[in-house]
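*Asks:*
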Amino acid sequence: MIRVDFLGPIQKEALELDITNLNELAIILQSDTEVSNWLESCAVALNDTLVTSLEVPLKDGDKISLLPPVCGG
Amino acid sequence: MLSLYDGSLDVPTILKEWYEEEARSNYGAYIPFVGTVRSEDGIDGLSFDVYEPILESWFSSWQKKAEKKGAKIKMAHSKGDVLLHESSYIAAVFSPKRRVALEFIDEFVEAFKSSAPIWKYDLKDGKRIYAKDRSTAIAGSGLLA
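Chains P and R, in that order, give the protein sequences. Positions 313 to 385 (the working numbering) are the ones given, in order, by the first sequence. Positions -12 to 132 (the working numbering) are the ones given, in order, by the second sequence.
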């Protein structure tokens, strides 16, 4: 299973999904009305490292995080 | 060095600790930036969420950039609520000569604002409201859209 965490202001509980790549995750989240509006502005991390391509294989136990727009300081 | 605190920062204590830590390190310059919560738009304060695993790797990559210039950075940030006129953020650069530190503190603080995994909320009328309009999408966002 792959865990998907929604960070900061995205009010959504973590998901546990049986997926093998980020394309599958994109399709699932695009049809999820709780989160679909966030996708355009969210960065994606795999096991706490930011990723820049959907062509990333996933393995059992991986953790994905969605990071909405930031503002520290 | 990256330090996170629950609530507001004790600015004099942190600046003093950092000063003393590096007093014998032969740095000629110590340039701190202190971010303080201002009264504007009727807010009672700010509140912060921090995602520590990525913040730590983000900070580590900036520390390596500093080391290449012979410099060192230190940073402290708040988690949770910080009220008006309290401080939520301190960054400082130590370097042998002033020019490196002056330029690096500018570069570091700007990058921090736009890419460190921290989320800001206004505290207003008992509510915690995401500061969406003041937030910046991290480079590479939109991958799943």
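Virtual Cβ for every residue (Gly too), placed ideally from N, Cα, C.
Figure out for me which residue from R:Gly67, R:Arg25, R:Leu89 has the closest Cα to the Cα of R:Ser(-5).
*Replies:* Locating residue -5 of chain R in the second sequence gives position 8, where the first residue counts as 1. Out of R:Gly67, R:Arg25, R:Leu89, R:Gly67 has the C-alpha closest to the C-alpha of R:Ser(-5).
*Asks:* Please classify P:Leu362 as buried or exposed, where buried requires at least 16 other C-beta atoms within 10 Å of its C-beta.
*Replies:* On the first sequence, residue 362 of chain P is found 50 positions in, with the first residue counted as 1. Buried, since its Cβ has 16 or more Cβ neighbours within 10 Å.
*Asks:* CA-CA distance, R:Ile105 and R:Gly127?
*Replies:* Taking the first residue of the second sequence as position 1, residue 105 of chain R is located at position 118. Taking the first residue of the second sequence as position 1, residue 127 of chain R is located at position 140. Going by the C-alpha atoms only, they are around 17 Å apart.
*Asks:* Does the contact criterion of 3 or more C-beta pairs under 8 Å hold for the segment 52 to 60 of chain R versus the segment 26 to 33 of chain R?
*Replies:* These segments do not touch.
*Asks:* Could you tell me the distance, in whole angstroms, from the CA atom of P:Asn335 to the CA atom of P:Leu379?
*Replies:* In the first sequence, residue 335 of chain P corresponds to position 23, counting from 1. In the first sequence, residue 379 of chain P corresponds to position 67, counting from 1. About 17 Å.
*Asks:* Please report the distance separating the alpha-carbon of P:Ile322 from that of P:Val347.
*Replies:* Residue mapping note: residue 322 of chain P aligns to position 10 of the first sequence, counting from 1. Residue mapping note: residue 347 of chain P aligns to position 35 of the first sequence, counting from 1. So the alpha carbons of these two residues sit roughly 7 Å apart.
*Asks:* Going straight from the alpha carbon of R:Ile92 to that of R:Trp49, what length do you get?
*Replies:* By 1-based counting over the second sequence, the position of residue 92 of chain R is 105. By 1-based counting over the second sequence, the position of residue 49 of chain R is 62. Those two C-alpha atoms are separated by around 11 Å.
*Asks:* According to the Cβ coordinates, are R:Leu33 and R:Ala103 closer than 8 Å?
*Replies:* Residue numbering aside, residue 33 of chain R sits at position 46 when the second sequence is read from its first letter. Residue numbering aside, residue 103 of chain R sits at position 116 when the second sequence is read from its first letter. It is not a contact, given that the beta carbons lie outside the stated cut-off.
*Asks:* Mapping the DSSP letters down to three states, classify P:Asn333 as helix, strand or coil.
*Replies:* Position 21 of the first sequence, counting from 1, holds the residue named residue 333 of chain P. P:Asn333 falls in the strand class under three-state DSSP.
*Asks:* Check the Cβ of P:Ser353 against every Cβ in chain R and list those closer than 8 Å, keeping chain order.
*Replies:* Numbered from 1 along the first sequence, position 41 holds the residue referred to as residue 353 of chain P. Ala124, Ser128, Gly129, listed in chain order.
*Asks:* Does the beta-carbon distance from P:Thr332 to P:Leu366 come in below 8 Å?
*Replies:* Numbered from 1 along the first sequence, position 20 holds the residue referred to as residue 332 of chain P. Numbered from 1 along the first sequence, position 54 holds the residue referred to as residue 366 of chain P. No, the pair does not count as a contact, with Cβ atoms beyond the cut-off.
*Asks:* Can you tell me whether R:Leu89 is buried or exposed, with buried defined as 16 or more other CB within 10 angstroms of its CB?
*Replies:* Position 102 of the second sequence, counted from the start, is the residue given in the question as residue 89 of chain R. That one is exposed.
*Asks:* Which residue wins for smallest C-alpha separation from R:Val37, given the options P:Leu319, P:Trp350, P:Ile314, P:Leu351?
*Replies:* Counted from its first residue, the second sequence places residue 37 of chain R at position 50. Out of P:Leu319, P:Trp350, P:Ile314, P:Leu351, P:Leu319 has the C-alpha closest to the C-alpha of R:Val37.
*Asks:* Taking the alpha carbon of R:Phe99 as the point to measure from, which residue in R:Glu7, R:Val69, R:Lys61 has its own alpha carbon closest?
*Replies:* The residue you call residue 99 of chain R lines up with position 112 of the second sequence. Taking only the C-alpha atoms, the option nearest R:Phe99 is R:Lys61.
*Asks:* Between which two residues does the alpha helix (DSSP H) harbouring R:Thr0 extend?
*Replies:* Position 13 of the second sequence, counted from the first residue, corresponds to residue 0 of chain R. Start and end: -2 to 8.
*Asks:* Determine the extent of the beta strand (DSSP E) in which R:Ser65 is found, giving its start and end residues.
*Replies:* Start at 1 with the first residue of the second sequence, and residue 65 of chain R comes out as number 78. Per DSSP, R:Ser65 belongs to the beta strand (DSSP E) from 59 to 70.
*Asks:* Along the segment 84 to 105 of chain R, what residues have a CB closer than 9 Å to any CB found in chain P?
*Replies:* Result list: Val96, Phe99, Lys100, Ser101, Ser102, Ala103, Pro104, Ile105.
*Asks:* Would you call the segment 117 to 127 of chain R and the segment 69 to 86 of chain R touching, i.e. three or more CB-CB distances under 8 Å?
*Replies:* Judged by Cβ distances under 8 Å, the segment 117 to 127 of chain R makes no contact with the segment 69 to 86 of chain R, as fewer than three pairs qualify.
*Asks:* By the 10 Å Cβ neighbour count, where 16 or more other Cβ atoms means buried, how is R:Ala57 classified, buried or exposed?
*Replies:* To locate residue 57 of chain R, count along the second sequence from 1; it is residue 70. Strictly speaking, residue 57 of chain R in this sequence is Gly, with Ala absent from that position. Classification of R:Gly57: exposed, given that the 10 Å Cβ count is below 16.
*Asks:* Given a cut-off of 8 Å on the beta-carbon distance, is the pair R:Gly15 and R:Ser74 in contact?
*Replies:* For the purposes of this step, residue 15 of chain R is identified with residue 28 of the second sequence, where counting begins at 1. For the purposes of this step, residue 74 of chain R is identified with residue 87 of the second sequence, where counting begins at 1. Their beta carbons are not under 8 Å apart, which means R:Gly15 does not touch R:Ser74 by this criterion.
*Asks:* Any Cβ of chain R within less than 8 Å of the Cβ of P:Ala357?
*Replies:* Reading the first sequence from its first residue, position 45 is the one you call residue 357 of chain P. Output row for P:Ala357: interface = yes.
*Asks:* Report the residue from R:Ile77, R:Phe35, R:Val96 whose alpha carbon sits nearest the alpha carbon of R:Lys119.
*Replies:* As a first step, residue 119 of chain R must be located in the second sequence, where it is residue number 132. Among R:Ile77, R:Phe35, R:Val96, the Cα nearest to that of R:Lys119 belongs to R:Phe35.
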